[in-house]
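Novice: Its first residue numbered 0, the sequence shown is counted upward by one per residue in numbering that gives the first Met the number 0.
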Amino acid sequence: MKSIQEQLRVSWSYSAGPGALIWQFMFTGRGDLVGQKRFPARRQAFFFSLDTESGRPFLDNYLLTDSENSVAEAEGWFTGFETTSRDLVYCHLYQQHSPEHQGIWAFDSRSGDVVWSRRDLIFAANLEHEFLAYRLSSFAGFPERHFMLVDPMSGKELRHLGTESLSVNEIRAQLVPEEERQQVILPEFVSDGMVAEHLALQRAGVSDRVRCECLVLGEFTVAALHEEGDRPGLWNSRIMVWRDDRLVYTDLMEEGVDKPGLNNYLIRGVRLYYIKNKEQLLCVVLS
Numbered sequence: 000m001k002s003i004q005e006q007l008r009v010s011w012s013y014s015a016g017p018g019a020l021i022w023q024f025m026f027t028g029r030g031d032l033v034g035q036k037r038f039p040a041r042r043q044a045f046f047f048s049l050d051t052e053s054g055r056p057f058l059d060n061y062l063l064t065d066s067e068n069s070v071a072e073a074e075g076w077f078t079g080f081e082t083t084s085r086d087l088v089y090c091h092l093y094q095q096h097s098p099e100h101q102g103i104w105a106f107d108s109r110s111g112d113v114v115w116s117r118r119d120l121i122f123a124a125n126l127e128h129e130f131l132a133y134r135l136s137s138f139a140g141f142p143e144r145h146f147m148l149v150d151p152m153s154g155k156e157l158r159h160l161g162t163e164s165l166s167v168n169e170i171r172a173q174l175v176p177e178e179e180r181q182q183v184i185l186p187e188f189v190s191d192g193m194v195a196e197h198l199a200l201q202r203a204g205v206s207d208r209v210r211c212e213c214l215v216l217g218e219f220t221v222a223a224l225h226e227e228g229d230r231p232g233l234w235n236s237r238i239m240v241w242r243d244d245r246l247v248y249t250d251l252m253e254e255g256v257d258k259p260g261l262n263n264y265l266i267r268g269v270r271l272y273y274i275k276n277k278e279q280l281l282c283v284v285l286s
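#1: How many Å lie between V33 and F24 at the Cα?
#2: Measuring only the C-alpha atoms, how far is L214 from Q181?
#3: Taking the beta strand (DSSP E) that V189 belongs to, which residues open and close that run?
#4: In chain order, which continuous runs of the alpha helix (DSSP H) of length 4 or greater are located wholly inside the stretch 126-188?
#5: Assuming S108 and D31 are in contact, meaning their beta carbons sit under 8 Å apart, how far apart are those beta carbons, in whole angstroms?
#6: Could you work out which residue in R134, M152 and D150 is closest to R144 when comparing CA atoms only?
#7: Can the beta-carbon of G16 be found less than 8 Å from the beta-carbon of E278?
#8: Which of helix, strand or coil does DSSP assign to Q94?
#9: Any contact between the stretch 90-102 and the stretch 47-61? By contact I mean 3 or more CB pairs, one from each, below 8 Å.
#10: Indicate the three-state DSSP secondary structure (helix, strand or coil) for G30 in the structure shown.
#11: Over the uninterrupted beta strand (DSSP E) stretch that includes E212, give me the two end residues.
#12: Tell me which same chain residues have a C-beta within less than 7 Å of the C-beta of Q6, skipping the five on either side of it?
#13: Identify, in the order they occur along the chain, each residue of the same chain with its Cβ nearer than 7 Å to the Cβ of S286, setting aside the five sequence neighbours on each side.
#14: Take C211 and list the residues in its own chain whose beta-carbon comes closer than 6 Å to its own, dropping the five residues that flank it on each side.
#15: Among residues of its own chain, excluding the 5 on either side of W115, which ones have a beta-carbon nearer than 7 Å to its beta-carbon?
#16: Among the residues of its own chain, which have a CB less than 8 Å from the CB of E129, if the five just before and after it don't count?
#17: Any idea what DSSP makes of E254, helix, strand or coil?
#18: Among residues of its own chain, excluding the 5 on either side of D59, which ones have a beta-carbon nearer than 7 Å to its beta-carbon?
#19: Quick one: using the 10 Å Cβ neighbour count with 16 as the cut-off for buried, is A123 buried or exposed?
#20: Return the first residue and the last residue of the beta strand (DSSP E) that D107 is part of.
#21: Taking Cβ to Cβ, would you say I21 is nearer than 8 Å to I274?
#22: Give me the DSSP bridge partner(s) of K275.
#23: On the DSSP bridge list, what partners appear for R37?
#24: Residues in the same chain with beta-carbon distance under 8 Å from D112, minus the five sequence neighbours each way, listed in chain order, please.
#25: From which residue to which residue does the beta strand (DSSP E) around S14 run?
#26: When DSSP builds the beta bridges, which residues end up paired with L265?
#27: Within 10 angstroms of the Cβ of V167, are there 16 or more other Cβ atoms? Answer buried if so, exposed if not.
#28: Can you tell me whether P176 is buried or exposed? The criterion is at least 16 other CB atoms within 10 Å of its CB, across all chains shown.
#29: Do you know how far the Cα of A132 is from the Cα of D244?
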């Protein structure tokens, strides 16, 4: 029997509100957690930012607005994240009747102040001290992308690169993946055959038919297990944490849903973050 001292506990939790979906979250360079929550029934999307030490919100129910007219951009719905820098969060709108992104908006993760915006540009990549962006045009009826480097702090153009070229391809080849840049560890999907082979999962008596996302951080093994419930076609998802071969934390993430809750957890530093019932974000310190 494990002692209470061996068990991990929830450090803090954030509730997005009834009917919300926590859609995205990422981290700024100074360590703030920034996220987007969406309310499908109301067709509204808001941003929030949290102190990762305490879970205290810096911003909540933040709506990206037109600074001149004080109206919600993209009907308060068609918005999303691009990337982050030390203090700023970068968002986009969507082109009309298209999944393609449009524009770049930069706001401070704590104050919500919009530092700059460019409706004419489309974000392509975060190069740390520069952004790769492009402007759309057409030639003889065919679309063209004109690339440039942009200052992340001001939105000003630093250098024009022209259309698709060798220099643009060289820049793309040197990109650091966003998860690596934000210092997060994402789980990997584990195939059925590998689940039974994993010592921690095997000792827990996990069936080799369970779908599993797993990652290892030092002495900790974290897994999200997705299995069909009592009713065919409905899934239950549970997160489990082992320290070596001892189960030290478990929680039911979702129950009786038509799709397993994939990609709903990650680790940054010594903190495990996961989404529960779509509308709650929890933090567990792995120590």
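Glycine included, C-beta positions come from ideal geometry on N, C-alpha and C.
Specialist: With the given structure in hand:
#1: 5 Å
#2: 17 Å
#3: E187 to V189
#4: 165-172 and 177-180
#5: 5 Å
#6: R134
#7: yes
#8: coil
#9: no
#10: coil
#11: R210 to L216
#12: V247 and Y248
#13: V269
#14: V189, V194, A222 and L224
#15: A105, S153 and G154
#16: L148, V149, D150, P151 and L157
#17: strand
#18: F47
#19: buried
#20: H100 to D107
#21: yes
#22: Q279
#23: L20 and A44
#24: F106
#25: V9 to S14
#26: Y272
#27: buried
#28: exposed
#29: 47 Å
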